[in-house]
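Chains as they are written, first to last, in our numbering: chain A, 732 to 837; chain B, 732 to 837; chain C, 732 to 837; chain D, 732 to 837.
Structure (structure tokens):
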């Protein structure tokens, strides 16, 4: 399951809809919603918050993958190649401005 | 570049740091920050907002991949297998509760 | 109902709890969750998304005020005076760097 | 400085612009951006993250007030009375479903 496959999966699944992709601002709002669901789950799993009884059990893995799905919708709708972007980012992290950003082990 | 490769890339790159991964709440805050950067970029590209001159040029593809990177850090730190989660989600979308959620083409 | 009153309301209401305020990262996660709920509501009201039948009716006004509540919790927990911050911001907007940021009417 | 005054402040300040308020999705994207800036600041103040040298010093109080400003823009643009919403929420918290949501002190 490569990044290309993921983009293809999303392309094939969404082509049953009309429009195939929402406008960018709506995908962004969805991304904000999905990010909020991860945050809620993290508070539930690792924080002080007590869930209301009527909220159904959730799952961090599924919340995370919902974000990747939403990001992929945005990428597809804007003709962005996530694999190229990944390589560019890892190259930047290895050689560029982020190289010394965090404390390294001695 | 599969989801497994991505998780491995992140594992290899982060193992130079101590701690290798931040605590879940800090990764969540970072995810919120990265989501905000996508939102800013979308307003810049598709909205009314005028960027201040001193903000450097940005790039939607890189902002999206930063989210995938952050999600992968969370997955790695919590032993979540993103490929399994992807398959579970696509299966749910195809056969489960989301099947009729959006308007289909006729 | 001044900003000072709001901070007092929150102070009085939260002092029944232990701890009175969550740690900053947990309040931040909650803020992300509340922001996501506004985003969902905006997609519902102004976008393409169709709500699932089992989601109860929501209300933009209450979603917005949940954000103000969460922001006030953070402010209280960090001894931040929101009224002073408001005045500083409005002063900055009127005289400072943001003065010419958006297109004005002629 | 009451919630009504805040809504008036924002109304007066924004009426110099055209349009006076962005569309709801753009305000939502801005809200996501401001929430991300709070998250970044919280990671900076309370977390592991090291800021890059070229990021200028920030301030949690101003980041929080930026959120209140953005929320107020949304409220104004949608004719929402924040004071009424505040009272409704506090009433709900005191008498409604949230009453026993968190651990109380003994």
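All C-beta atoms in this analysis are idealised placements derived from N, C-alpha and C, irrespective of residue type, glycine included. Keep in mind the model is a prediction, meaning the values are calculated, not measured.
Which residue comes first and which comes last in the alpha helix (DSSP H) that contains residue 815 of chain C? Residue 815 of chain C sits at position 84 when you count from the first residue of the third chain. 813-826 is the extent of the alpha helix (DSSP H) around residue 815 of chain C.
Using the beta-carbon of each residue, which ones in chain C are nearer than 9 Å to residue 801 of chain A? As a first step, residue 801 of chain A must be located in the first chain, where it is residue number 70. The premise fails here: residue 801 of chain A is roughly 11 Å from chain C at the closest Cβ pair, so nothing lies under 9 Å.
Contact belief for residue 757 of chain C with residue 801 of chain C at Cβ below 8 Å, rounded distance in angstroms: The residue given as residue 757 of chain C occupies position 26 in the third chain. The residue given as residue 801 of chain C occupies position 70 in the third chain. In fact, because the Cβ distance is near 11 Å, the residues do not count as touching under 8 Å.
Might you give, ordered along the chain, the residues of its own chain that have their beta carbon closer than 6 Å to the beta carbon of residue 805 of chain A, omitting 5 neighbours on each side? The residue labelled residue 805 of chain A in the question sits at position 74 within the first chain. Close CB contacts of residue 805 of chain A within its chain, under the 6 Å cut and outside five residues either way in sequence, are with 758 (chain order).
Assuming residue 813 of chain C contacts residue 811 of chain D under a Cβ cut-off of 8 Å, what Cβ separation, rounded to an integer in Å, is found between them? Position 82 of the third chain, counted from the start, is the residue given in the question as residue 813 of chain C. Position 80 of the fourth chain, counted from the start, is the residue given in the question as residue 811 of chain D. Not really, about 19 Å apart at Cβ, beyond 8 Å.
Could you check if residue 750 of chain D is buried or exposed, using at least 16 other CB atoms within 10 Å of its CB as the buried criterion? Position 19 of the fourth chain, counted from the start, is the residue given in the question as residue 750 of chain D. Burial call: exposed.
Distance, residue 740 of chain A Cα to residue 768 of chain A Cα: Indexing the first chain from 1 puts residue 768 of chain A at position 37. Indexing the first chain from 1 puts residue 740 of chain A at position 9. Near 23 Å, if we compare the C-alpha coordinates of residue 740 of chain A and residue 768 of chain A.
Check each candidate in A/772, A/763 and A/803 and name the one with the smallest Cα separation from residue 790 of chain A. The sequence position of residue 790 of chain A within the first chain is 59, counting from 1. For residue 790 of chain A, the nearest C-alpha among the options comes from A/772.
Closest Cβ-Cβ distance between residue 763 of chain A and chain D: below 7 Å? For this step, residue 763 of chain A is matched to residue 32 along the first chain. For residue 763 of chain A, the answer is yes, since a Cβ of chain D falls inside 7 Å of its Cβ.
N- and C-terminal bounds of the alpha helix (DSSP H) containing residue 744 of chain A: Here the question's residue 744 of chain A lines up with position 13 in the first chain. Run containing residue 744 of chain A: 734-745, per the alpha helix (DSSP H) assignment.
Run down chain B in chain order and give the residues with a C-beta less than 7 Å from the C-beta of residue 756 of chain C. Here residue 756 of chain C corresponds to residue number 25 of the third chain, with the count starting at 1. The answer, in chain order, is 756, 757 and 760.
Counting only C-beta atoms, is residue 773 of chain A closer than 7 Å to chain C at any point? Looking up residue 773 of chain A in the first chain gives position 42. Closer than 7 Å to some Cβ of chain C, the Cβ of residue 773 of chain A qualifies, so yes.
Checking contacts by CB at 7 Å: is residue 794 of chain A closer than that to chain B? On the first chain, position 63 is the one that residue 794 of chain A refers to. No, because no Cβ of chain B sits closer than 7 Å to the Cβ of residue 794 of chain A.
Contact set between residue 822 of chain A and chain B, taken where Cβ atoms lie within less than 7 Å: The sequence position of residue 822 of chain A within the first chain is 91, counting from 1. None at all; the shortest Cβ gap to chain B is about 11 Å.
Short CB-CB distance (under 7 Å) between residue 745 of chain C and chain A: Residue 745 of chain C sits at position 14 when you count from the first residue of the third chain. It does not; no Cβ of chain A falls within 7 Å.
With burial defined as no fewer than 16 other Cβ atoms inside 10 Å of the residue's Cβ, what is the status of residue 743 of chain B: buried or exposed? Here residue 743 of chain B refers to the residue found at position 12 of the second chain. Its Cβ having fewer than 16 others within 10 Å, residue 743 of chain B is exposed.
Please classify residue 776 of chain B as buried or exposed, where buried requires at least 16 other C-beta atoms within 10 Å of its C-beta. The residue you call residue 776 of chain B lines up with position 45 of the second chain. Exposed.
When the distance is taken between beta carbons, is residue 770 of chain B closer than 7 Å to residue 763 of chain D? Along the fourth chain, read from residue 1 onward, the residue named residue 763 of chain D stands at position 32. Along the second chain, read from residue 1 onward, the residue named residue 770 of chain B stands at position 39. Yes. Within cutoff.
Would the beta-carbon of residue 733 of chain A fall within 7 Å of that of residue 733 of chain B? In the first chain, residue 733 of chain A corresponds to position 2, counting from 1. In the second chain, residue 733 of chain B corresponds to position 2, counting from 1. Yes, they are a contact pair.
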